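Be aware that the sequence shown starts at 293, since it is given in the numbering used here, and climbs by one per residue. Remarks on the structure that follows.
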Amino acid sequence: MADLVQLVLDALSLGSVYALFALGVGLLFGVMSLINFAHGELVMAGGYVLVFITVPNTAIRIGAAVFIVVLLALATERVAFRRVRGAAIETLLVTSFAVSFFLQSLAVVTVGALPRSVGILEGLRGRIVIGDIAVRRLDLVSIGVTAVLLLSLVMFLSRTVFGLQMRAAAEDFFVARILGINANRVIAGAFAISGVLAGVGAILFSAQTGLVHPAIGLTPVLAAFIAVIIGGLGSLPGSVLGAYLLGATSVALQAGLPLGLRSFRDALVFLVVVIILVAKPDGIMGARLQNRTV
Numbered sequence: 293m294a295d296l297v298q299l300v301l302d303a304l305s306l307g308s309v310y311a312l313f314a315l316g317v318g319l320l321f322g323v324m325s326l327i328n329f330a331h332g333e334l335v336m337a338g339g340y341v342l343v344f345i346t347v348p349n350t351a352i353r354i355g356a357a358v359f360i361v362v363l364l365a366l367a368t369e370r371v372a373f374r375r376v377r378g379a380a381i382e383t384l385l386v387t388s389f390a391v392s393f394f395l396q397s398l399a400v401v402t403v404g405a406l407p408r409s410v411g412i413l414e415g416l417r418g419r420i421v422i423g424d425i426a427v428r429r430l431d432l433v434s435i436g437v438t439a440v441l442l443l444s445l446v447m448f449l450s451r452t453v454f455g456l457q458m459r460a461a462a463e464d465f466f467v468a469r470i471l472g473i474n475a476n477r478v479i480a481g482a483f484a485i486s487g488v489l490a491g492v493g494a495i496l497f498s499a500q501t502g503l504v505h506p507a508i509g510l511t512p513v514l515a516a517f518i519a520v521i522i523g524g525l526g527s528l529p530g531s532v533l534g535a536y537l538l539g540a541t542s543v544a545l546q547a548g549l550p551l552g553l554r555s556f557r558d559a560l561v562f563l564v565v566v567i568i569l570v571a572k573p574d575g576i577m578g579a580r581l582q583n584r585t586v
């Protein structure tokens with residue numbers, strides 16, 4: 293029983309971090325049919341902010357990281373993605389790859405390719421021991437922070453005028469614009485929320501790994517993309533469910549596989565993803581794609 297509880301907590305912790313990234317990716321797809329692979333570079337930017345802002349006050353460092361990531365997200369929307377609105381999905385995809393490559397190359401040129409140590413939330417590296425169960429404080433914080441952000445996002449989308457406009461745009465952007473919803477405002481808002489999620493995810497991910505490098509965003513954006521696909525494109529609850537399923541599968545395989553087979557864990561995770569998509573081609577909570585011409 294103790295081992296089972298430990299596995300569940302580990303799965304919830306990993307799934308919570310994945311959920312933050314998946315929500316950011318899924319939200320942008322819902323609003324403008326964009327799979328933003330540059331989302332990983334937002335995570336990278338948040339990590340480097342923590343590296344270079346070394347004031348003793350942790351709250352200032354965390355606030356600065358989230359703020360700068362949000363500004364970067366809005367900048368990419370204004371400079372790159374606004375100009376290709378209404379283009380084919382392939383064009384949007386190539387644009388996101390171009391932005392990702394540019395930001396990663398810029399990081400290599402300016403700060404170098406070697407990993408940098410980041411000291412953040414170091415007081416949470418210890419464990420809380422309850423009987424036979426040892427839980428990292430950082431895992432509990434990850435679960436709690438994600439729960440608060442998920443609840444806040446649900447309240448925002450369901451209880452505010454701007455949130456309702458964003459939901460309407462996600463259902464059918466063409467009709468939403470006819471009804472007077474401002475496209476620039478809604479899309480910028482979606483990018484800002486995506487930036488907040490990426491910034492918080494960067495803080496938690498950097499605290500867990502302890503290192504930041506130009507390619508650090510690759511793992512989060514890949515996990516987010518997989519979670520969005522298996523959860524169902526266009527479904528935010530599906531993205532969250534897919535993230536937790538991905539985290540649970542990864543933890544279960546890590547714990548259950550023999551030592552000699554653990555190197556094949558990622559391959560087996562992808563095998564599980566393939567099985568899910570064969571059974572449910574539209575994802576677990578796949579939403580019927582609407583007309584999202586913007």
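Virtual Cβ for every residue (Gly too), placed ideally from N, Cα, C. No experiment lies behind these values; they were computed from the predicted model shown.
* Considering Val-371, what are the terminal residues of the beta strand (DSSP E) in which it resides? -> Taking the first residue of the sequence shown as 1, we reach residue 371 at position 79. Premise fails: Val-371 is in no beta strand (DSSP E) and is neither H nor E.
* Can you tell me which of the three DSSP states Val-564 falls into? => Residue 564 sits at position 272 when you count from the first residue of the sequence shown. Note: Val-564 maps to helix in three-state DSSP.
* **Rounded C-alpha distance that separates Ala-399 from Pro-506** => Indexing the sequence shown from 1 puts residue 399 at position 107. Indexing the sequence shown from 1 puts residue 506 at position 214. Computed Cα separation, rounded: 6 Å.
* **Under 8 Å between C-beta atoms of Leu-496 and Val-437** => Locating residue 496 in the sequence shown gives position 204, counting from the first residue. Locating residue 437 in the sequence shown gives position 145, counting from the first residue. Against a cut-off of 8 Å, the Cβ pair of Val-437 and Leu-496 comes out as a contact.
* Using only alpha-carbon positions, find the residue among Gly-552, Leu-549, Pro-550, Leu-514 that is nearest to Leu-538. => As a working mapping, residue 538 is identified with position 246 in the sequence shown. Nearest C-alpha to Leu-538: Leu-514.
* Count the other CB atoms, across all protein chains shown, that sit within 10 Å of the CB of Thr-585; report buried if there are 16 or more and exposed otherwise. => Residue numbering aside, residue 585 sits at position 293 when the sequence shown is read from its first letter. Confidence in Thr-585 is poor, its pLDDT being 43 and thus under 50, which makes the residue's placement too unreliable to answer from.
* Asked: Thinking C-alpha only, which one of Pro-550, Phe-562, Val-570, Ala-519 is nearest Leu-315?
  -> As a first step, residue 315 is located in the sequence shown; it is residue number 23 there, counting from the start. Of the candidates Pro-550, Phe-562, Val-570, Ala-519, the one whose C-alpha sits nearest the C-alpha of Leu-315 is Ala-519.
* Would you check if the stretch 550–560 and the stretch 331–350 touch, i.e. whether three or more CB-CB distances between them fall below 8 Å? => Judged by Cβ distances under 8 Å, the stretch 331–350 makes no contact with the stretch 550–560, as fewer than three pairs qualify.
* To do: With DSSP collapsed to three states, give me the class of Tyr-310.
  => Your numbering for residue 310 matches position 18 in the sequence shown. In the structure shown, Tyr-310 sits in a helix (DSSP, three-state: H, G or I).
* Asked: Is there contact here, the stretch 348–359 with the stretch 370–390, by at least three beta-carbon pairs under 8 Å?
  -> No contact exists between the stretch 348–359 and the stretch 370–390.
* Asked: Do you know offhand how far Ser-542's Cα is from Gly-322's?
  -> What you label residue 542 is simply residue 250 of the sequence shown in a count that begins at 1. What you label residue 322 is simply residue 30 of the sequence shown in a count that begins at 1. About 26 Å.
* Asn-328 versus Asn-349: straight-line alpha-carbon distance, rounded -> Counted from its first residue, the sequence shown places residue 328 at position 36. Counted from its first residue, the sequence shown places residue 349 at position 57. Going by the C-alpha atoms only, they are around 32 Å apart.
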